[in-house]
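In my numbering, the protein residues as written are -17 to 117.
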Amino acid sequence: IFNLPVAILAQGLAVLRATGRLKMAKDGYEKPASTGLAAGLNKGFIVTRRPLKTKPSYRKGKKGGKVGLIREVVREVVGFAPYERRMIELLKIGSAATFKRALKLAKKRLGTHRRGKKKREEMTEAVAAMRRKGH
């Protein structure tokens, strides 16, 4: 990373900040074949490319079916935390002000803006599910 040009490094760090992971090339980018020359744009020894296996670390953070089922059962049995119930009440009112207030409450309890937004979205889904059910 340290011997890269500054512009490329800055671009990579911007992507790291935005997405949470360092990524230099776009998805689907195929590096051109080497020319066999020692200098130039696509310099290097000509080799046969073999496809790389996907690393297990690439699925980090993705929820599996088993975990999702367990969380669903736990949610059904345990119910909502007090702050989540308060958020649901705020979201049921349905105004823009209470929507924002729900986010502020979630942020206060969970620590970050992103976690708060995710929790508010989750609670909005819960309210919608309740309405579909007929409560």
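The C-beta atom is built at its ideal place from N, Cα and C for all residues, glycine as well.
- By the Cβ test, the segment 47 to 58 is not in contact with the segment 68 to 79, since fewer than three Cβ pairs between them sit closer than 8 Å.
- Straight-line spacing of the CA atoms in LYS13 and SER77 works out to 51 Å.
- Separation of the CB atoms of LEU73 and THR94 is rounded to 20 Å, and the pair is thereby denied contact status at 8 Å.
- Taking the C-beta atoms as reference points, ALA88 is found nearer than 7 Å to GLY98.
- Per DSSP, reduced to three states, the secondary structure at GLU107 is helical.
- For the pair ALA63 and ARG57, the Cα-to-Cα distance works out to about 10 Å.
- Shown here for VAL29: same chain residues with a beta carbon closer than 8 Å to its own, the five before and five after excluded, namely SER16 in chain order.
- Sequence-distant Cβ neighbours of ARG83 in its own chain, meaning closer than 7 Å and more than five residues away, are LEU72.
- At least 7 Å separates the beta-carbon of ARG96 from that of LEU85.
- Residue state for SER39 is assigned as helix, using DSSP reduced to three classes.
- Membership of THR80 in the alpha helix (DSSP H) is indicated by the continuous run 78 to 92.
- When DSSP states are grouped into helix, strand and coil, ARG96 belongs to the helix group.
- In the structure shown, the three-state DSSP call for LYS48 is helix.
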